Amino acid sequence: MQQLDLFGGFEPPAPPPPSAPVKKSRVEPLVWIAELWLLREYDASEASIIRHITLRKGLNVLWAPPAPEGAENRLGDGQITGHTAGKTTFCRMIRYLLGETRFGTARAQEKIREALPEGWVAATVVVGDARWLVGRPFGIGLHPFAVRGMSLGEALAERGRGGYQEFLADIRRVVMEPVPVKALPHEREPIAWEHVLPWVTRDQEARFAGLVEWRDPSSESESPRLVTDDRHVVVRALCALMSDEESEAQRRYEDLALEKQRLEETSPKLADRAAEDRRRLARLLEMPDDMNDAGPLFAARFRETVSRRKQSLAAAEEALAAQAALVEQAEEATRQAAEACGVRVEALREAEARREEAKRTGEKKREAEEAPAKLPVRASGVCSVPLDVAITKGCPLAASHAGAAPITREEKKALAEAVMEAKRTLAEARAAQKEAAAEHTRQRSALSAEEKRIARERAAIEEVERLFGYMTAAERAADENTDRLVVVTDEVKASSERQAALRREQEEAQARLSERFREVVRALLGDHVEARVEVKGRRLELRVEDRGERDGAAMQTIKLLAFDLAAMKLSVDGYGQLPGMLVHDGPREADMDGRIYERLFLYARRLEESADGSPAFQYVITTTAPPPKEMQKAPWLLEPLLDASKPEGRLLKMDL
C-alpha cells in the first residue's frame, strides 16, 4: 500500500494576515501537569515511589521505542518493546487525576489493584495561578485528596484531608465559567469540565478516526455519553465559534419580529374599531362624524352633548313627581266619583222601592173592593189582619190609620218624578265616574310613558357612555399599539444589527480557526495544500484539498490531529477556552507516513520557539514510533524511556 506523499521537506508557512485585531496571547496554560508520581502506598519515601515523572510546558514525549530496525526480522524471533509498556496507562492516570472515574479498563484496574492494593497516583496540577497537589488511590474505599501549595511529602502528611472536589471546582471556575455557551441543547444541562476532558485526552482506542469520537466503549472510561451534536457544541463553544448571546439574540429577534408582525396586523383593526365606535356614538348622539374632529375635540363635544341630555333627564325626573301627584289626584277623583255614583244608585233604589210600595198598595185596595168580607173583631179591639187588607175590607179601625189613606195621583206623579230624578242624577254620576276614570287612565298612561321615556333616555345615556368608554379604550389601545410598534421596530433593527455583528464575530472566529488549521495542515503536508474548517448546521467539518479534496483513513487522522493542534494554537493566541493542555496517546494511526508523523513534533517545537517566554500550552504525546532524532532527548523527551521487554522498563516497573 502506497503511503501519503510527503510534499517535500518541512518548511513552516508564513503566518496568514489576521482577520481581526490580535488579542492578547496567553502566558500560561489554564491547566497543566508539572509532576506525576506513581506510589506503592500512601507514602512519599523513595521506597514507595515507583515513578516520578517531571513534565514541562510545551511538548512532552513519552516514548516506548520499538525494536531496532537494523536487526534481521525473523518469524518467531522478537520481543515486545514499544507496545504494552504503559503509555496508555500513563494517559489514563492523567485523566484519572483530572476527574475521570476510572484509571483503566475493568481488567486493567483489577490487575493494578492486585499488584498495588495500597497504590496511589499523585501529581502537581497547575490550575490558573494555583498549584494543586492531587492524589487518587487505586484501591476501593479510599478517598482522593487535593491541597494547594504543598509538596508531595507535606500533602501525604495531611492524612484525612479532602479537597479533591474543591480542586475540580477550581478547574471549572478557570476553564468553564468564561465559556460563552452555558448549556448543551440536547442534554439541556450545563457544559461541564467532564464534557471537555474527553476531547483534550482522546482515547487511544478511538483510533483518532472522528473529530468528536473521543471515547471508545472498549476503554470503559465511564465518561459522559453525549450525542454527536452536543459534542460539536462543546468544541464550537471552547473555540469561540458560538455563544449563548448568539442564540439568545436569534430568539430575541424572532420574538421581536413576531411581535412586530402582530402589532402591524393589529394596528388597523384597532383604528377601525375606534372609528366604528365613534361613528356609532355620532349616530346615537346625532352628531356629525368628522374625522378631523376626532380625538379630544370629539370627546369634548361628546361630554357637552351628554351633559345637556343628563340635565334634560334630571329636569324630566323632577317633573315626574308633579305628574305622579296629578295621577294621585285623578285616582282620588275617580274614587269620589265612584262613591257619588253609589249614593245615586242607592237613592234610585229607594225611589223605585217607594214607587213599588205605592203600586202594591193600590193593587191590594182594588182587590179588597172586589171581594169585601166582614172580618172578626177581637174583644180587645186589635186583630192580626194586615192593615192594607183591613182597609180593603172596610175595617173601621183600619180606616182611621194614617197609612190607610189612598195614594193620590199627585203622589204617584211625585214618586215617578223622584225615580226619574234619581236615574238622571245616577246617569250624571256614572258619566262623571267614567270621565274621572278616563282621566286617571290618561294621567297614569302619561306617567308610565314618561317613566319609560326617562328609563330609555337613562339607558341611552349609559349606552353612549359605555360606547364612549369602548371608543376611548380602542383609541388608547391603538395609540399604545402604535407607540409599541415604533419601539419594536427600533428593537428589531437593533437586534438585526446585533445579530449581524455576532455573525461577523463568528465568521471572524471561524476564519481564525481555519487559519490555524490551514497553518498546521500545511506544516504537515505542504504549503500548497488548502485546508479549512466549515460549520454545517451544528457540526464542524474539516476540508483538505490538493488537486481535489483529500480523504482516506490516514488523512482523517491527520485532519483530526491538525484540528486539535489548531484549537490548542487558538487558545495560545488568547481565543476560546481550551485549557491549553492536549494529550495524544499513540496518534500514529492508519498507516500514516512516518515523516508526516514526525512533523507533529516539529510543529509543537515551533510553537514553543514562537512563544514570548515560556509556552502557554502543554502537549503530551505518547509514541512507539520515534520522534525526530534531534528531539529524542531532553527537554522534550520524558524520563524514563519505556520498554516492555523487561518488567522494570514498564511504567509500573512490573508485569501485570
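First residue of the sequence shown: 1, per UniProt numbering; consecutive thereafter. Positions of the beta carbon are idealized from the N, C-alpha and C atoms, including for glycine. The structure displayed is predicted, hence computed values, not measured ones.
| task | Write down the C-beta distance between E118 and G139 rounded to the nearest angstrom, noting that I regard them as a contact closer than 8 Å. | result | Between E118 and G139 the beta-carbon gap is near 6 Å, inside 8 Å, which marks them as a contact.
Item to complete: Tell me whether Y42 sits in a helix, a strand or coil according to DSSP, three-state version.
Response: DSSP places Y42 outside both helix and strand once states are collapsed to three, so it counts as coil.
- Hey, how far is the Cα of R606 from the Cα of L565? Distance between the alpha carbons of R606 and L565: 12 Å.
- Item | Length-filtered (3 minimum) beta strand (DSSP E) runs lying within the segment 287 to 362 | DSSP runs (the beta strand (DSSP E)) wholly in the segment 287 to 362: none.
Entirely within the segment 136 to 205 and at least 3 residues each: give me those beta strand (DSSP E) ranges in chain order. 145 to 148, all fully within the segment 136 to 205.
To the nearest angstrom, how far is the alpha carbon of L578 from that of S496?
If I take the Cα positions, the gap works out to 30 Å.
**Prompt:** Can you give the Cα-Cα distance for G586 and Y597, rounded to whole angstroms?
**Reply:** Their Cα atoms are separated by approximately 11 Å.
Buried versus exposed call for Q204 [16 or more other C-beta atoms within 10 Å across all chains shown]
Buried, because 16 or more other Cβ atoms sit within 10 Å of the Cβ of Q204.
Quiz item: Apart from the five residues on each side of it in sequence, which residues of its chain come closer than 6 Å, Cβ to Cβ, to P178?
Solution: Apart from the 5 residues on each side of it in sequence, P178 sits with its Cβ closer than 6 Å to the Cβ of Q577 in its chain, given in chain order.
I need the DSSP call for Q433, collapsed to helix, strand or coil.
In the structure shown, Q433 falls within a helical segment according to DSSP collapsed to helix, strand and coil.
In terms of residue numbering, what span does the alpha helix (DSSP H) encompassing A257 cover?
Unbroken alpha helix (DSSP H) run through A257: D244 to L285.
- Using CA coordinates, which residue listed in A47, L36, A478 and L30 is at the minimum distance from K269? Answer by Cα proximity: A478.
field: Exposure of D244, with buried meaning 16 or more beta-carbon neighbours within 10 Å
entry: Burial call: exposed.
Open item on the list: One question on the structure: do V200 and G128 come within less than 8 Å of each other, judged by their Cβ atoms?
Closed with: With a cutoff of 8 Å on beta-carbon distance, V200 and G128 are scored as not near each other.
Report yes or no: do the segment 225 to 243 and the segment 178 to 196 share at least 3 C-beta pairs separated by less than 8 Å?
-> Yes: at least three Cβ pairs fall under 8 Å.
Notebook entry, point to check: Roughly how many angstroms separate the alpha carbons of D255 and N481, rounded to a whole number?
Noted result: Rounded to the nearest whole angstrom, the CA to CA distance from D255 to N481 is 16 Å.
| Identity of the residues DSSP links to D585 by a beta bridge | Within the DSSP secondary-structure output, D585 pairs in a beta bridge with T622.
Going by the CB atoms, is the gap between L184 and L156 shorter than 8 Å?
No, the Cβ-Cβ distance between L156 and L184 is not below 8 Å.
(Q) With H, G and I counted as helix, E and B as strand and the rest as coil, what does DSSP make of R547? (A) In the structure shown, R547 sits in coil (DSSP, three-state: anything other than H, G, I, E or B).
Residues near E28 in its chain [Cβ-Cβ closer than 7 Å; skip 5 each side] = Non-local C-beta neighbours of E28 in its own chain, meaning closer than 7 Å and more than five positions away in sequence, comprise A616, ordered along the chain.
Notebook entry, point to check: Excluding sequence positions up to five away, which residues of its chain have a Cβ less than 8 Å from the Cβ of A47?
Noted result: Here A47 has R40 as same chain residues with Cβ atoms under 8 Å from its own Cβ, once five neighbours each way along the sequence are excluded.
Exercise. Hey, R113 and T124 are a contact pair by Cβ (cut 8 Å); roughly how many whole angstroms apart?
Worked result: Going by Cβ atoms, the distance from R113 to T124 rounds to 24 Å, so no, they are not a contact pair.
- What's the gap between the Cα of G162 and the Cα of Q506? Cα to Cα, G162 sits roughly 42 Å from Q506.
Mind checking whether H232 and R538 have CB atoms under 8 Å apart?
Remark: C-beta atoms of H232 and R538 approach each other more closely than 8 Å.
_Within 10 Å of its beta-carbon, does K569 have 16 or more other beta-carbons around it, so buried, or fewer, so exposed?_
With 16 or more Cβ atoms within 10 Å of its Cβ, K569 is classed as buried.
_Any contact between the segment 436 to 449 and the segment 245 to 252? By contact I mean 3 or more CB pairs, one from each, below 8 Å._
At 8 Å Cβ cutoff, the stretches do not touch.
**Asked** So, helix, strand or coil for G8, using DSSP?
**Response** Because the pLDDT of G8 is 40, which lies under 50, any placement of that residue in the model is unreliable, and the number read from its coordinates should be weighed accordingly. Coil at G8, not helix or strand.
ask   = Hey, would you say A436 sits closer than 8 Å to A337, going by beta carbons?
value = Contact flag set, yes.
Discussion item. Can you find the residues in the same chain that come closer than 7 Å, C-beta to C-beta, to Q510, ignoring five residues on each side of it along the sequence?
Written reply: Answer for Q510: L241, V533 and V535, listed in chain order.
DSSP beta-bridge partners of L75: Answer is none; L75 lacks a bridge partner.
Cβ distance (whole Å) where F556 is taken to contact A209 below 8 Å
Looking at the sequence itself, residue 556 is Gln, so the reference to Phe does not match. Here Q556 really is in contact with A209; their C-beta atoms are around 6 Å apart, less than 8 Å.
Nearest-angstrom beta carbon gap, V31 and L637 [assumed within contact, 8 Å]:
No, L637 and V31 are not in contact; Cβ-Cβ is about 22 Å, not under 8 Å.
Review point. Whose C-beta lies closer than 6 Å to the C-beta of L168 among residues of the same chain, with five residues either side of it excluded?
Key: Short of 6 Å from the beta carbon of L168, and not among the five residues preceding or following it, lie these beta carbons of its own chain, in chain order: G99.
query = E589 to T54, Cα distance in whole Å?
reply = Rounded to the nearest angstrom, the two C-alpha atoms are 27 Å apart.
query = Which residue comes first and which comes last in the beta strand (DSSP E) that contains K536?
reply = E530 to K536 is the extent of the beta strand (DSSP E) around K536.
Task: Nearest-angstrom Cβ-Cβ length linking L485 and K260, presumed shorter than 8 Å - done: Between the beta-carbon of L485 and that of K260 there is about 7 Å, and that keeps the pair under the 8 Å contact cut.
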